[in-house]
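Sequences listed follow chains A and B, in order. For reference, each letter of the first sequence is one residue, going 1 to 317 in our numbering. For reference, each letter of the second sequence is one residue, going 1 to 369 in our numbering.
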Amino acid sequence: MNDSTLILTLVAAIGLGTGLVFATVGEIITERAGNLNLGVQGMMLVGAVAGFWATFNTESLLLGVIVAMIAGAAFSVIHAFASVSLRVSQIVSGLALTIFGTGLSSFLGEAGEDPLVGNPSKATFEPILEGGLADIPVIGPLIFGHDLMVYVSWLTVAAASYYLFHTRMGLSLRAVGEDPASAESAGVNVARVRYAHIMAGGALAGAGGAYFSLALVPTWQNEPIGASGWIAIALVILASWRPWRALFAAYLFGAATRIGFTMQTLGEPWSNIPSSLLAMLPFVLAIIAMLVLASGKRARFLGAPAALGLPYFREQR
Amino acid sequence: MTTRRFIVEPRGLASTGLILAVPLLSVLLAVIVGAIFLALTGNSPGEVYVKMLDVSFGSSRGISETLISATPLILTGVAAAVAFKMLVWNIGAEGQFLMGAIFAAGMGIWLGDGSPAAVALPLVIIAGAIGGAFWASISAVPKVYLGTNEIITTLMLNFIALNFMNYLIFGSSSPWRDPLVPQFPSGRPIPDSGRIPEFFNRLDYGFIVACLLAILAWFLISKTRWGFEVRVVGDSANTARYAGIGVPQKILGVFLMSGAFAGLAGSLYVAGPVGALDPRSLDLGLGFTGIIVAALARLNPVAVIPVAILMGALNNAGPALQSIQVPAATVTMLQGAILIFAVAGEFFIRNRVRRPEKRLEALEEVSAA
Chain A
1 MNDSTLILTL VAAIGLGTGL VFATVGEIIT ERAGNLNLGV QGMMLVGAVA GFWATFNTES
61 LLLGVIVAMI AGAAFSVIHA FASVSLRVSQ IVSGLALTIF GTGLSSFLGE AGEDPLVGNP
121 SKATFEPILE GGLADIPVIG PLIFGHDLMV YVSWLTVAAA SYYLFHTRMG LSLRAVGEDP
181 ASAESAGVNV ARVRYAHIMA GGALAGAGGA YFSLALVPTW QNEPIGASGW IAIALVILAS
241 WRPWRALFAA YLFGAATRIG FTMQTLGEPW SNIPSSLLAM LPFVLAIIAM LVLASGKRAR
301 FLGAPAALGL PYFREQR
Chain B
1 MTTRRFIVEP RGLASTGLIL AVPLLSVLLA VIVGAIFLAL TGNSPGEVYV KMLDVSFGSS
61 RGISETLISA TPLILTGVAA AVAFKMLVWN IGAEGQFLMG AIFAAGMGIW LGDGSPAAVA
121 LPLVIIAGAI GGAFWASISA VPKVYLGTNE IITTLMLNFI ALNFMNYLIF GSSSPWRDPL
181 VPQFPSGRPI PDSGRIPEFF NRLDYGFIVA CLLAILAWFL ISKTRWGFEV RVVGDSANTA
241 RYAGIGVPQK ILGVFLMSGA FAGLAGSLYV AGPVGALDPR SLDLGLGFTG IIVAALARLN
301 PVAVIPVAIL MGALNNAGPA LQSIQVPAAT VTMLQGAILI FAVAGEFFIR NRVRRPEKRL
361 EALEEVSAA
């Protein structure tokens with residue numbers, strides 16, 4: 001029963017979705033502060049290479065993830081400085097971060113005397129429970145069969161949700177995203193809040209990237225994350241800026257990414273569907289969801305922060 | 001009260017010198033950042049930069065290859081420039097470029113050998129523009145009539161176009177695929193009547209066409225009534241509405257024009273140096289590089305031309321770096337760094353930063369009290 005195509009696909013969807021969960025929750029936190037960071041793809045790639053490098057040199061997965069998060073957060077400061085301090089267009093600044101991050105990640109993977117490229121990771125995330133609980137039908141593989149990072153991602157979602165909606169700092173963060181001028185009148189430092197949450201988003205994107213290079217594709221290659229950073233930006237909208245919804249939206253996209261492989265295992269006639277057409281599925285899904293859920297005023301009802309994308313001019317209040 | 005360390009004031013019109021200095025400084029700073037990363041990874045920055053200059057500008061063949069690389073970037077740069085000027089965030093030049101290439105190659109293959117170049121060539125090039133505009137319309141129409149965010153839809157369409165091209169060549173026996181080499185999937189060459197003639201080494205007249213199209217875009221935006229109304233919409237949609245300008249039509253028009261330019265990049269590339277729908281030559285991120293070109297050219301379609309030549313030179317030098325054991329990704333890294341500095345430089349073009357004067361500060365304090 002646990003070897004059925006459905007269960008295997010769902011388990012794989014959770015695995016493939018986990019990198020997306022980290023990145024999407026990070027971007028939700030950033031956007032809740034009113035800042036749109038299109039640099040997710042770049043931050044994930046920088047995290048992926050930094051995490052892989054750290055684990056490669058220390059054989060420690062923990063250090064790999066920590067270094068990836070530091071790298072992602074440090075890298076996101078470029079966007080924070082440009083969009084918050086210099087108040088240039090958040091869209092162009094985020095795109096710049098992605099282009100630079102993509103190049104930097106590939107460069108660091110290939111450069112030097114003994115480059116990382118082509119090397120397998122010295123350690124990878126493996127399921128923590130073998131047998132026992134993980135053998136229980138259905139819920140065994142779905143709940144107990146994962147590696148540590150999947151459980152960390154669930155904790156991250158719970159923590160982010162609690163932080164956003166049940167803490168004082170979460171309230172001031174959301175106030176900054178809705179109406180920065182009023183938040184500032186109430187004594188909140190808008191620039192500081194935005195910097196902090198852009199960096200939090202960068203750290204989580206870095207962790208998401210490291211999940212790809214240390215668990216999903218544990219041999220270094222250029223751009224191991226596919227288009228996940230871009231997908232994460234779409235997922236924020238589908239999740240209507242709420243962490244718990246992001247978890248399920250990410251798994252849905254994990255399943256959509258897995259569909260090509262699943263079709264192969266089903267045999268004729270399913271295996272005849274060209275993989276390049278199936279590879280379109282996550283992107284088609286994102287567009288349909290955008291059209292249905294997030295057109296026009298509906299985006300506001302979904303919970304889009306009112307000041308999202310707008311620079312804040314303190315002097316022009 | 002706290003004393004401010006810097007005072008930031010909006011600048012009216014920036015001087016020409018400043019507008020020229022910012023992009024030049026951006027390139028210089030990016031070169032320095034690149035040098036730091038090269039040195040950290042045990043490479044000699046000087047050697048790498050000399051090699052890049054030599055590959056791209058050191059010989060007549062190098063120069064012609066640089067201009068070949070620049071040709072699609074001129075058009076994807078114009079595509080981004082006209083859209084961003086209107087605050088239409090078309091991040092989909094990549095997909096529109098590929099769809100232009102697919103349409104252009106399709107037209108060339110469909111026409112076959114029978115038609116004269118005077119008929120075939122214009123049709124091939126126009127087919128690319130239609131392909132790009134069609135692909136943009138999938139984002140543009142929902143944006144204008146439903147209010148759907150175009151950033152996400154244009155982005156996602158990039159990946160759909162890429163997978164569609166891969167399907168045509170690797171996943172099916174479509175007319176685009178070369179039937180003569182079934183074991184090695186590649187694009188079917190388009191007939192010579194659909195190819196643009198070469199005039200300087202491998203450089204074809206597509207480069208000249210791209211330059212003329214960039215000037216045409218500048219003329220349309222700066223010198224026509226339509227362009228004036230477009231600029232009003234870009235500055236303030238409300239003002240435009242009061243003035244009786246049809247805002248939705250203008251946004252739709254600019255979005256489709258942007259897509260058509262990206263599509264033209266695809267058709268000139270297919271009808272020029274590539275000669276077939278070849279995924280290996282087309283999947284190079286030329287649409288994204290167009291965004292860098294547009295930003296560095298400060299969204300001016302004519303300034304796009306020299307910037308595209310610079311970016312083309314970098315793209316051209318990338319593969320050659322591997323011969324001296326330096327990653328080709330050095331180029332992407334440099335281009336990204338250039339964009340970051342150019343974006344930050346925008347702040348200094350728009351604002352003046354100065355130290356507060358002691359005397360004025362005292363006055364301010366008095367008046368505040």
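All C-beta atoms in this analysis are idealised placements derived from N, C-alpha and C, irrespective of residue type, glycine included. Computed from a predicted structure; not experimentally measured.
Give a yes or no on whether the C-beta atoms belonging to residue i and residue j are separated by under 8 Å.
| i | j | result |
| --- | --- | --- |
| B:Pro301 | B:Ala214 | yes |
| B:Asn163 | A:Ala200 | no |
| B:Met86 | B:Ala161 | no |
| B:Arg195 | B:Trp176 | no |
| B:Ala140 | B:Leu256 | yes |
| B:Ser230 | B:Val254 | In the sequence as displayed, the identity of residue 230 of chain B is Val instead of Ser. Yes, Cβ-Cβ distance for B:Val230 and B:Val254 is below 8 Å. |
| A:Gly177 | A:Ala82 | no |
| A:Trp53 | A:Leu97 | no |
Is there at least one Cβ from chain A nearer than 8 Å to residue i's Cβ?
| i | result |
| --- | --- |
| B:Ser174 | no |
| B:Thr41 | yes |
| B:Tyr167 | yes |
| B:Gln335 | yes |
| B:Pro327 | yes |
| B:Leu18 | no |
| B:Asn163 | yes |
| B:Phe159 | yes |
| B:Leu286 | no |
| B:Trp135 | no |
Which chain A residues are close to residue i, counting only those with a beta carbon under 9 Å from its beta carbon?
| i | result |
| --- | --- |
| B:Phe37 | Leu104, Phe107, Leu108 and Ala111 |
Could you pull the start and end residues of the beta strand (DSSP E) that residue i belongs to?
| i | result |
| --- | --- |
| B:Asn351 | Asn351 to Arg354 |
| B:Pro10 | Ile7 to Pro10 |
With respect to the alpha helix (DSSP H) encompassing residue i, which residues constitute its N-terminal and C-terminal limits?
| i | result |
| --- | --- |
| B:Glu47 | Pro45 to Phe57 |
| A:Phe248 | Pro243 to Leu266 |
| B:Glu150 | Glu150 to Phe170 |
| A:Tyr211 | Val190 to Tyr211 |
| A:Arg174 | Arg168 to Glu178 |
| B:Val404 | Because chain B spans 1 through 369 in this model, residue 404 of chain B falls outside it and cannot be assessed. |
| A:Glu27 | Thr5 to Arg32 |
| A:Met69 | Leu61 to Ala80 |
| A:Gln41 | Val40 to Thr58 |
| A:Val284 | Leu281 to Leu293 |
| B:Val33 | Thr16 to Leu40 |
| A:Val236 | Ser228 to Leu238 |
List the residues of chain B whose Cβ lies closer than 9 Å to the Cβ of residue i, in chain order.
| i | result |
| --- | --- |
| A:Leu291 | Pro142, Leu146, Thr148 and Thr153 |
| A:Asp241 | It is Trp, not Asp, that sits at residue 241 of chain A in the sequence shown. Under the 9 Å cutoff, chain B gives no residues; its nearest Cβ is about 13 Å from A:Trp241. |
| A:Ser213 | By Cβ distance, chain B contributes nothing, its closest Cβ being about 16 Å from A:Ser213, past 9 Å. |
Would you verify that the beta carbon of residue i is, or is not, closer than 8 Å to some beta carbon of chain B?
| i | result |
| --- | --- |
| A:Ile70 | no |
| A:Met280 | yes |
| A:Ser60 | no |
| A:Ala227 | yes |
| A:Ala207 | no |
| A:Trp230 | yes |
| A:Ile259 | no |
| A:Phe52 | no |
| A:His197 | no |
| A:Leu56 | The sequence given here has Phe at residue 56 of chain A, not Leu. No, no contact with chain B. |
| A:Phe75 | no |
| A:Val283 | The sequence as given places Phe at residue 283 of chain A; Val does not occur at that position. Yes - at least one Cβ of chain B is within 8 Å of the one on A:Phe283. |
Residue i touches chain B at which residues, Cβ-Cβ below 8 Å?
| i | result |
| --- | --- |
| A:Arg87 | Phe347 |
| A:Ala234 | Ile152, Leu155 and Met156 |
| A:Ile318 | Residue 318 of chain A lies beyond the stretch modelled for chain A, which goes from 1 to 317, so this question has no answer here. |
Which chain A residues sit within Cβ distance under 8 Å of residue i?
| i | result |
| --- | --- |
| B:Gly171 | Pro274, Ser275, Ser276 and Leu277 |
| B:Ala295 | Val92 and Ala96 |
Name the chain A residues that come within less than 7 Å of residue i, Cβ to Cβ?
| i | result |
| --- | --- |
| B:Thr330 | Phe107 |
| B:Val343 | Ala82, Val88, Val92, Ser93 and Ala96 |
Along chain B, which residues have their Cβ under 7 Å away from the Cβ of residue i?
| i | result |
| --- | --- |
| A:Leu302 | Those within 7 Å of A:Leu302 in chain B number zero; the least Cβ separation is about 11 Å. |
| A:Ala286 | Ile152 and Met156 |
| A:Ile14 | Correct list: empty, because the minimum Cβ distance to chain B is about 23 Å. |
Which runs of the alpha helix (DSSP H) fall wholly inside the region 88 to 164 of chain A and span at least 4 residues, in chain order? With a minimum length of 4 residues, the unbroken runs of alpha helix (DSSP H) contained wholly in the region 88 to 164 of chain A fall at 90 to 110.
Can you list the alpha helix (DSSP H) stretches of 4 or more residues lying completely in the region 265 to 297 of chain B, in chain order? Runs found: 279 to 282 and 286 to 296.
For the region 200 to 274 of chain B, list the alpha helix (DSSP H) runs that are entirely contained and at least 4 residues long, ordered along the chain. Complete alpha helix (DSSP H) runs here, min 4: 206 to 223, 225 to 235, 237 to 242 and 247 to 269.
Sequence ranges, alpha helix (DSSP H) only - wholly within the region 63 to 129 of chain B, length at least 4: Every alpha helix (DSSP H) stretch that sits fully inside the region 63 to 129 of chain B and reaches 4 residues is listed by chain position as 93 to 111.
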